[in-house]
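Q:
Number of protein chains: 2
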Amino acid sequence: MTKFTMYGKLIAQPGKREELAQMLLQAAEGLQSNPNCELYIVNVSEEDPDAIWVTELWRDADAHAASLKDEQTIALIQQARPLIAGVEPMRLRPIGGKGL
Amino acid sequence: MTKFTMYGKLIAQPGKREELAQMLLQAAEGLQSNPNCELYIVNVSEEDPDAIWVTELWRDADAHAASLKDEQTIALIQQARPLIAGVEPMRLRPIGGKGL
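Structure, rendered in structure tokens:
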């Protein structure tokens with residue numbers, strides 16, 4: 002399986018989670034037309050009021066890397082950066098399951 | 002949105018990750034026919050040789066709770082338990098995105 006999964010935990014600056022989440026939903030909207038992106042789900046933590054988890058599933062690692070060079074994506078990352086206090090990316094390898 | 006998401010990190014006993022992963026894939030297989038389960042993806046960590054991440058997306062919390070009462074599921078959990086050294090469940094609330 003060559004699929005590429007990224008689980009990222011983003012910590013928003015205090016009080017900025019909602020604003021950051023809206024930007025991520027906007028990013029997801031922009032990915033609707035990209036067939037290489039299979040999932041881009043934005044979750045908020047029920048336990049940490051500043052944490053957001055983004056689940057990404059891509060056709061492969063190249064497709065993910067290419068997406069980071071997209072101009073709209075770069076602009077959105079620039080815009081989101083001041084709202085982000087920390088990032089914990091999780092490198093995972095999907096091996097199967099329902100919906101994959 | 003009433004959907005229910007669970008991200009669970011399972012730590013296998015040393016050397017038992019592959020065996021545990023196969024059991025989880027079997028669980029996912031059993032969920033193929035359950036329309037209330039939208040995703041059940043099994044991932045292995047690229048960073049921790051004992052870690053498995055399971056991403057579950059359910060129609061709602063009740064659907065998830067009901068699944069835990071299923072006889073086959075209970076049997077599988079019993080079988081998997083000796084292979085598991087630790088569990089870190091993550092309670093998240095999906096708010097939107099592609100594929101949701």
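Residue numbers (our numbering), protein chains in the order written: chain B, 2 to 101; chain P, 2 to 101.
All C-beta atoms, glycine included, are put in the ideal place defined by N, C-alpha and C.
Bear in mind the structure is a predicted one, so any value in this text is a computation, not a measurement.
1. At a Cβ threshold of 8 Å, is residue 45 of chain P touching chain B?
2. Starting from the beta carbon of residue 33 of chain P, find every residue of chain B whose beta carbon is closer than 8 Å, and list them in chain order.
3. Residue range of the alpha helix (DSSP H) that residue 74 of chain B falls in?
4. Tell me, please, whether the CB atom of residue 95 of chain P is closer than 8 Å to any CB atom in chain B?
5. Within its chain, find whatever has a CB closer than 6 Å to the CB of residue 89 of chain B; leave out the 5 residues flanking it on each side and keep chain order.
6. Mapping DSSP to helix, strand and coil, what is residue 46 of chain P?
7. Going straight from the alpha carbon of residue 12 of chain B to that of residue 87 of chain B, what length do you get?
8. Do we get a CB-CB distance below 8 Å when we pair residue 54 of chain B with the residues of chain P?
A: The short version:
1. On the second sequence, residue 45 of chain P is found 44 positions in, with the first residue counted as 1. Residue 45 of chain P counts as touching chain B.
2. If you number the second sequence from 1, residue 33 of chain P lands on position 32. The answer, in chain order, is 99.
3. The residue labelled residue 74 of chain B in the question sits at position 73 within the first sequence. Residues 72-81.
4. The residue you call residue 95 of chain P lines up with position 94 of the second sequence. Taking Cβ atoms only, chain B reaches closer than 8 Å to residue 95 of chain P, which makes this a yes.
5. The count along the first sequence starts at 1 and reaches residue 89 of chain B at position 88. Excluding sequence neighbours, residue 89 of chain B sits near 10.
6. Counted from its first residue, the second sequence places residue 46 of chain P at position 45. In the structure shown, residue 46 of chain P sits in a strand (DSSP, three-state: E or B).
7. The residue given as residue 12 of chain B occupies position 11 in the first sequence. The residue given as residue 87 of chain B occupies position 86 in the first sequence. Approximately 5 Å between the Cα atoms of the pair.
8. Sequence index remark: in the first sequence, residue 54 of chain B carries index 53 (1-based). With 8 Å as the cut-off, residue 54 of chain B counts as an interface residue toward chain P.
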